[in-house]
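In this text, residue positions in the first sequence follow this note's numbering: the first is 825, and each later residue adds one.
A virtual CB, placed ideally from N, CA and C, is assigned to each residue, including glycine.
Single-structure report; data block below.
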Amino acid sequence: MGIENQLKTSVVKAVKELYGAEIALESIQLQVTRKDMKGDYTIVVFPLLKVSKKNPVETGNELGAFIKNDCQNVSEFDVIKGFLNIQLSHAYWIDFLNKIGNDDSYGIKKVTDESSQVMIEYSSPNTNKPLHLGHIRNNLLGYSLSRIVEANGNKVVKTNIVNDRGIHICKSMLAWKKWGEGQTPESTGKKGDHLVGDYYVRFDQELKKEQAALIADGASKEEAEASSPLMKEAREMLLKWEANDPEVYALWEQLNKWVYSGFATTYETMGVDFDKIYYESDTYKTGRDMVLGGVEKGVFEKREDNSVWADLEKDGLDEKLLLRADGTSVYMTQDIGTAKLRFDDYKIDEMVYVVGNEQNYHFKVLAILLDRLGFDWGKDLVHFSYGMVELPEGKMKSREGTVVDADDLMAAMIDTARDMSKELGKLEGYSEEEAEKVYKTIALGALKYFILKVDPRKNMTFDPKESIDFNGNTGPFIQYTYARIQSIGRKAADKGFSIPDCIDSTTILSDKEVQLMSMLANFPSVVKEAGKVYSPAVIANYIYDMAKEFNQFYHDSPIAVEENEAIRSMRLFLCKSVGQAIKNGMWMLGIDVPERM
RNA sequence: GGUCCCGUAGCUCAGCUGGAUAGAGCAUCUCCCUUCUAAGGAGAGGGUCUCAGGUUCGAAUCCUGACGGGAUCACCA
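Below you can see the structure in the form of structure tokens.
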């Protein structure tokens, strides 16, 4: 039985014996004691006054005395106002540390054959332009989420749906064909996704020019948009693509190949990956079949013009188009098809979509539609809805060139990490290659932590200047703490001290040491909470607190240089445990920790 | 206009299943490297938790309303 339940059980017993009342275990308010107060756990006595019929302090004292007597792990208690603060014995904490100290996967539950399987969709890029800051948040959240879900003992399938089809793709294809002069990533030395992205921008520029010319000739804005030859050409290209025109198809394949190789590099740098990638070009037809099947089953309605609709009025929503009059699919159709294929491929107990909150409505509708089509999990699908990333000067707008490119951002941060590291002279003795690896670890750690530490559902402001700061509440601060712990281990080894496998139960502990152990003890429940609310931020803030706490301990307690052997051993063992928890927590964020920095 | 989300220090954010004196980081100002990594530690200043009601022994946290900001309501994706 865990300590929290021991304490609660003891309270129930106390209430019964002292006041003759039966209370439910769950009704007891037990919390971790505030850091600035003496004690490890706190029982809030206010709710118990009804049965004790005494004042808070008196009740607290009576309960405290009983519990101290009843529960052997309790060594002290004191009552402040209506709060009963309980202190556990040092022997309890040492026993706790001995239990977890040698567990490399502390905080991470084992995945077994019986575990549920959770599919997590994230990233989902368009193949007409490179990844930007918004995608970074998506990718980091999705990846971290997959780790957190796994750490909670679930099997995870990471998946990506690539939006490789549609008019936007044709725009870059057309522009490259018209003005590309056969340029390739090799001939330009450009990453494939950037090259294709350039032509997407080019299309937009040329289109604007064309429309401006039409308007100058007296056409209205609407007329200009409707009659633009470029747009017409793009639409024709889409039709040809759908009809499998060999030339268009070959062009599409070539540009996509470039984009995919560009994306692969970006994903690699970012440190994310997928177990299974779906392509919209493969799923949209299935979606169309599903919708037509729905018409036959009578759950959708076909109109005179051949368009297909879902009536969502009884769900309090509007009508939703599922197939256009010309039979082509829309966004929703594709998601239905993708869902079908996924469920054919995997046994999925839970489906999580990591998609921005601007699509809340879309997923609300999707859940209803999947449910109507007979997917058991349809109405239970999880839309992990995260907020937008804004810049200090406002929203990112691709047309105004205020988009922060993912590759540029990561490269800039690696440069900063390199400069700073060299200036501090921390990596002397490392080869160029080893040092580069550390720079990258630090840079990506800073970026990932910066983004993951904020509550995912909130909009966040990304200040490039601030993200490059490696001091304070940052990824590098935590990485540094980890590196420090490793350094202590090396120092101890140099002096011929080894880290013990367990420590003696009579060792005396300082308040700070108990505080650290108590924080370590919370790790599993933090992981559980993060999994429940799908929030990497919960993990991030927890590790930060732990690192901060450790640095205070480090500052005023000698560890490897401590003279007393029992204390030195205990501290080394504690260091190791904290290091492991930091490493595992960072793993859940998808952040690596360096041995030196 | 309907629906949904957000509003906490100058800035960026924690805290929100109701509990003790509302916490960090950045920025500003002090101090600490002849003990293990100063990417660190200690301290100071900075708050009517948007506002107004309500529920409660107790509200930043729950409820209602207002104000401010955002998203969405396409035969776009």
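Original post:
In whole angstroms, what is the alpha-carbon distance linking T1331 and N1283?
Top reply: Going by the C-alpha atoms only, they are around 48 Å apart.
Original post:
Taking C-beta to C-beta, are L854 and I867 nearer than 7 Å?
Top reply: A contact, by the Cβ cut-off of 7 Å.
Original post:
With C-beta atoms as the reference, is S1401 less than 7 Å away from G1111?
Top reply: Going by C-beta atoms, S1401 is not nearer than 7 Å to G1111.
Original post:
What's the C-alpha gap between G1269 and K1336?
Top reply: Cα to Cα, the separation comes out at about 27 Å.
Subject >> Inter-residue Cα distance where the pair is S929 and D988 >> reply: Straight across, the Cα-Cα distance linking S929 with D988 is about 39 Å.
Original post:
Using CA coordinates, which residue listed in Y916, D1231 and N952 is at the minimum distance from G1095?
Top reply: Selection Y916, D1231 and N952 evaluated against G1095 yields D1231 as nearest (Cα-Cα).
Subject >> Rounded separation between S947 and G1414 - CA only >> reply: Our two residues, S947 and G1414, have alpha carbons roughly 15 Å apart in a direct line.
**OP:** Grab the span of the alpha helix (DSSP H) containing E784 for me, first residue to last.
**Re:** Lying outside 825 to 1421, the shown extent of the chain, residue 784 is not represented and no answer is given.
Original post:
In angstroms, rounded to a whole number, what distance separates the CA positions of D919 and N952?
Top reply: Each residue's alpha carbon lies about 58 Å from the other.
Original post:
Can I1192 and D1139 be called in contact, C-beta distance under 7 Å?
Top reply: Cβ atoms of I1192 and D1139: closer than 7 Å.
**OP:** Find the nearest neighbour of V1115 within the set I1406, G1086, V1083 and Y1155, judged by alpha-carbon distance.
**Re:** The shortest Cα separation from V1115 among I1406, G1086, V1083 and Y1155 belongs to Y1155.
Original post:
What number of angstroms, rounded off, separates the C-alpha of E1353 from the C-alpha of S970?
Top reply: For E1353 and S970, the distance between alpha carbons rounds to 15 Å.
**OP:** Grab me the residues of N1297's own chain with a C-beta within less than 8 Å of its C-beta, minus the 5 sequence neighbours each way, in chain order.
**Re:** Around N1297: K1277 and Y1368.
Original post:
Tell me the DSSP bridge mates of I910?
Top reply: Its beta-bridge partners are Y865 and F901.
Original post:
Which residues does DSSP pair with Q853 in a beta bridge?
Top reply: Beta-bridge pairing links Q853 to no other residue.
Original post:
Hey, would you say the C-beta of E1260 is under 6 Å away from at least one heavy atom of the ligand FMN?
Top reply: With respect to small molecules bound, the structure shown includes none, and the ligand FMN cannot be examined in it.
Subject >> Residues near Q830 by beta carbon distance below 8 Å, same chain, minus five either side >> reply: Excluding residues within five positions, the ones whose Cβ falls inside 8 Å are C895 and N897.
Subject >> CA-to-CA distance, H956 to L1019, given in whole angstroms >> reply: Cα atoms of L1019 and H956: separation of roughly 15 Å, rounded to the nearest angstrom.
Subject >> Nearest residue (CA-CA) to M1212, options V1178, A838, T833 and I944 >> reply: When C-alpha distances from M1212 are compared across V1178, A838, T833 and I944, the shortest belongs to V1178.
**OP:** Report back the beta-carbon spacing between L1136 and D1142 to the nearest angstrom; my notes put them in contact at under 8 Å.
**Re:** Between L1136 and D1142 the beta-carbon gap is near 6 Å, inside 8 Å, which marks them as a contact.
Original post:
When burial is assigned at 16 or more other CB atoms within 10 Å of the CB, is T807 buried or exposed?
Top reply: Because the chain spans 825 through 1421 in this model, residue 807 falls outside it and cannot be assessed.
Original post:
Can you pull the DSSP bridge partners for M1284?
Top reply: V1213.
Original post:
What did DSSP end up calling Q1007 once you bin it into helix, strand or coil?
Top reply: Here Q1007 sits in coil by DSSP.
Original post:
In whole angstroms, what separates the C-alpha of E1046 from that of A1037?
Top reply: Roughly 13 Å between the two C-alpha positions.
**OP:** Keeping to the same chain, check which residues put their C-beta closer than 6 Å to that of N885; ignore five residues upstream and five downstream.
**Re:** Hits under 6 Å: V903.
**OP:** Inspect the beta-carbon positions of G1202 and L1194 and report whether they are closer than 7 Å.
**Re:** A contact, by the Cβ cut-off of 7 Å.
Subject >> DSSP three-state assignment for I985, whether helix, strand or coil >> reply: I985 sits in a strand when the DSSP states are folded into three classes.
Original post:
Can the beta-carbon of N978 be found less than 7 Å from the beta-carbon of S1011?
Top reply: Their beta carbons are not under 7 Å apart, which means N978 does not touch S1011 by this criterion.
Original post:
Excluding five sequence neighbours on each side, which residues of the same chain lie with their C-beta closer than 6 Å to the C-beta of E1419?
Top reply: Shown here for E1419: same chain residues with a beta carbon closer than 6 Å to its own, the five before and five after excluded, namely Q1310 in chain order.
**OP:** Would you decide whether V1417 is buried or exposed? Buried here means 16 or more other CB atoms lie within 10 Å of its CB.
**Re:** Buried: at least 16 other Cβ atoms inside 10 Å.
**OP:** Provide the residue span of the beta strand (DSSP E) that contains I1332, from first to last.
**Re:** Where I1332 is concerned, there is no enclosing beta strand (DSSP E), given that its DSSP letter is neither H nor E.
Original post:
Helix, strand or coil: which one does DSSP assign to L1146?
Top reply: L1146 sits in a strand when the DSSP states are folded into three classes.
**OP:** Tell whether a beta-carbon distance below 7 Å holds between G1016 and W1082.
**Re:** Here G1016 is near W1082, since their CB atoms are less than 7 Å apart.
Original post:
So, helix, strand or coil for V935, using DSSP?
Top reply: DSSP places V935 in coil when its eight states are reduced to three.
Subject >> Status (buried if at least 16 other CB within 10 Å, exposed otherwise) for H1379 >> reply: With fewer than 16 other Cβ atoms within 10 Å, it is exposed.
**OP:** Please list, in chain order, all residues of the same chain as L1165 whose beta carbon is under 8 Å from its beta carbon, the five residues on each side excluded.
**Re:** So the list reads Y1102, D1106, T1107 and T1110, once near-sequence residues are dropped.
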